[in-house]
Structure formats: structure tokens, C-alpha cells
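In our numbering, the protein residues as written are 41 to 205. Using N, Cα and C, we set each Cβ at its ideal position, and we do this for glycine too. What you are looking at is a predicted structure, and each value in this text was computed from that prediction instead of being measured.
Here's what the structure looks like:
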């Protein structure tokens, strides 16, 4: 993660710089084309940069403190800006994939926890069924005890009746 943090910090510093350099180079390109001069970049590099701008891969944010960044890294060319933007774009995608992987792992952990809870619930339900069976068994024993008590009372009454006869 420290490498990703460093790359994100670099992105935050280089993105406004690249955007400003690209704008400046585009203005310079327009002036040179109007004057009939040649731009230092090849036609393929210009075409690639323009295609990426159209696809939205390169962003041109208006950031505060751009002059300071331009003074820090004045020799950045349009091709380098394009390469930096592509690298940052790929790093953003890697970071997104990493975050998605972490979310997937959290979801899997939650699913495992739910499965464990489901198993525990099933064990509790089995224990409840055993308790219910024991309760029914106990009721049968109580019924048998009541029947024995009734039979003893009936016997006692029969013995009392036999004494009177």
C-alpha cells in the first residue's frame, strides 16, 4: 500500500502539471502550425494524444498552484504527459481492482459468517427438537404415573368396597 500511496501522491502532483503542459503545448502547436513550423513530437504521438483526449483518458483539470508545478518540472513534454496519464490511468484501474478484491473478500467473509450462523442455528434447532422429544417422553411418563396413581386409587376403593361387602 505505501507504493500505491506514493503513486497516488505522484498522480496528484503530475496530473495538473501534465494538463497545464498539454494546454501550453497545444497552444504552441497551433502557433507553430500557423507559422508553418514543425512540432517536436511525431505525428503518431500527436494523433495518440488527441485520441486519448477524445476518449477521456487524459483530463485537463484547472488546478491551483500550477505555476509552482511548472517551475518544478519544466521539461515535461507532451509525450511524457501522455505516458504519465496512461500510467496513472492504469494505476487507478489497479487500485480499483485491489479495492474490488478487498470488497469481495469482505463479502466472502460475511458469507462464511452467515454459513457459520446458519450451522449454529441448525444445531440449536436440533437441540430444540431433542428437547421437544424429551418433553413428549416426559409427558408419556407423567401420563403413565397418573395412570398408576389412578389404578392405585381404584384398587384402594375396590379394597374398601370389598370390606363393606
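- DSSP, read as helix, strand or coil, puts residue 205 in coil.
- With 16 or more other CB atoms across the displayed protein chains lying within 10 angstroms of its CB, residue 60 is buried.
- Taking C-beta separations shorter than 7 Å and ignoring five residues to either side along the sequence, residue 198 has no partners in its chain.
- Taking the Cα positions, residue 132 is about 21 Å away from residue 146.
- Taking a 10 Å sphere around the C-beta of residue 128, we find 16 or more other C-beta atoms and assign the residue as buried.
- The alpha-carbon separation between residue 195 and residue 156 amounts to approximately 58 Å.
- Take the alpha-carbon of residue 205 and the one of residue 191: they are about 21 Å apart.
- Taking C-alpha positions only, residue 161 is separated from residue 144 by approximately 25 Å.
- Distance between residue 139 and residue 152, taken at the CA atoms: about 20 Å.
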